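This report concerns only the one structure given below.
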Amino acid sequence: MSARPPIGSVGERILQWKFGTQERATRFYSDQVLDHLNPAMIEFVGRQEIAFVATADADGECDNSLRTGEQGFMHVIDPRTLAYPEYRGNGVMASLGNIAQNPHVGILLVDFVRDLVGLHINGSARIVEDEDLRAAVPDLPADHGGGRLSERWVVITVQEAYIHCRKHIPRMVPAPRHRCRGTYNAPRKGGDYFDAKSTPRQDESASTTVGVQRSATPAESTIRDATADAGDH
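For reference, each letter of the sequence shown is one residue, going 1 to 233 in the UniProt record's numbering.
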């Protein structure tokens with residue numbers, strides 16, 4: 001059997017050397033990181049109802065979003081390909097907008113109920129309209145719970161798949177959800193739960209001018225200086 005190619009980013013390798021964790025990291029890469037989904041991973045994906053999706057735009061500005069659905073909403077097409085649905089939302093298109101510029105995505109699936117373990121899936125994503133993907137993948141689920149219908153899909157080519165160990169995963173118990181229908185109470189409906197609509201921005205100029213760079217906060221400056229000093233040693 002041929003050896004696996006080197007895994008991990010340049011930044012990972014630099015810090016592994018700096019902090020003396022190369023041996024542990026190499027063992028993890030060798031034992032746990034795959035370039036596809038094996039049968040146990042496919043079974044795990046098929047019974048999850050929650051996914052955390054991390055994306056970044058062309059400049060590296062990040063976003064992390066929650067995706068949910070009935071078991072199987074995260075659909076494995078084959079060991080190197082999976083897809084998840086996009087529903088009607090707030091219209092911002094934060095995740096899709098990032099993917100349109102930068103296809104790299106990181107997905108974290110966590111079983112908080114039964115096995116208390118997680119699965120990382122990193123890969124390259126593309127956006128496919130619902131009817132186009134259904135023509136190619138006829139067994140896509142039609143209803144994802146609550147009558148939600150997919151408008152389009154994010155299709156991911158798997159590059160890395162590996163475990164998130166159970167050490168710090170809390171156990172949760174599923175409970176029926178009470179939805180506040182027919183109420184005009186904004187916090188109860190959840191649309192403005194954090195009262196953001198009436199809260200002024202700290203830098204008003206940035207709220208009206210696209211691309212304005214704000215100055216660093218004192219904490220950010222301290223962290224930046226400390227990082228630069230560490231890099232000099």
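Where a beta carbon is used, it is the ideal one built from N, C-alpha and C, also for glycine.
Since the structure is predicted, the reported quantities are computational estimates derived from the model, not experimental observations.
Of the listed residues the options, nearest to residue i (C-alpha basis)
{"i": "Pro-174", "options": "Phe-73, Ala-161, Val-137 and Glu-49", "result": "Glu-49"}
{"i": "Ser-30", "options": "Gly-123, Ser-95, Ile-7 and Leu-15", "result": "Ile-7"}
{"i": "Arg-148", "options": "Glu-131, Glu-129 and Thr-68", "result": "Thr-68"}
{"i": "Leu-66", "options": "Gln-32, Val-76, Ile-169 and Gly-106", "result": "Gly-106"}
{"i": "Asp-57", "options": "Ala-94, Met-41 and Gly-11", "result": "Ala-94"}
{"i": "Arg-126", "options": "His-104, Tyr-193, Asp-78 and Phe-44", "result": "His-104"}
{"i": "Met-172", "options": "Arg-114, Glu-23, Val-92 and Val-33", "result": "Arg-114"}
{"i": "Arg-134", "options": "Glu-12, Phe-52 and Ile-77", "result": "Ile-77"}
C-alpha distance - residue i paired with residue j, whole-angstrom precision
{"i": "Trp-17", "j": "Pro-39", "result": "34 Å"}
{"i": "Gly-20", "j": "Gln-159", "result": "26 Å"}
{"i": "Gly-46", "j": "Asp-111", "result": "11 Å"}
{"i": "Glu-151", "j": "Gly-89", "result": "10 Å"}
{"i": "Ala-196", "j": "Asp-203", "result": "14 Å"}
{"i": "Thr-26", "j": "Asn-64", "result": "28 Å"}
{"i": "His-36", "j": "Leu-109", "result": "15 Å"}
Proximity of residue i and residue j at Cβ, strictly below 8 Å
{"i": "residue 234", "j": "Leu-82", "result": "Nothing in the structure corresponds to residue 234, since the chain is present only between 1 and 233."}
{"i": "Gly-72", "j": "Pro-170", "result": "no"}
{"i": "Trp-153", "j": "Asp-139", "result": "no"}
{"i": "Ala-161", "j": "Leu-116", "result": "no"}
{"i": "residue 248", "j": "Ile-42", "result": "Given a span of 1 to 233 for the chain in the structure shown, any question on residue 248 remains unanswerable."}
Counted within 10 angstroms of its Cβ, other Cβ atoms place residue i as buried (16 or more) or exposed
{"i": "Arg-177", "result": "exposed"}
{"i": "Ile-14", "result": "exposed"}
{"i": "Pro-85", "result": "buried"}
{"i": "Asn-98", "result": "buried"}
Counterpart residues of residue i in DSSP-defined beta bridges
{"i": "Arg-67", "result": "Ala-51"}
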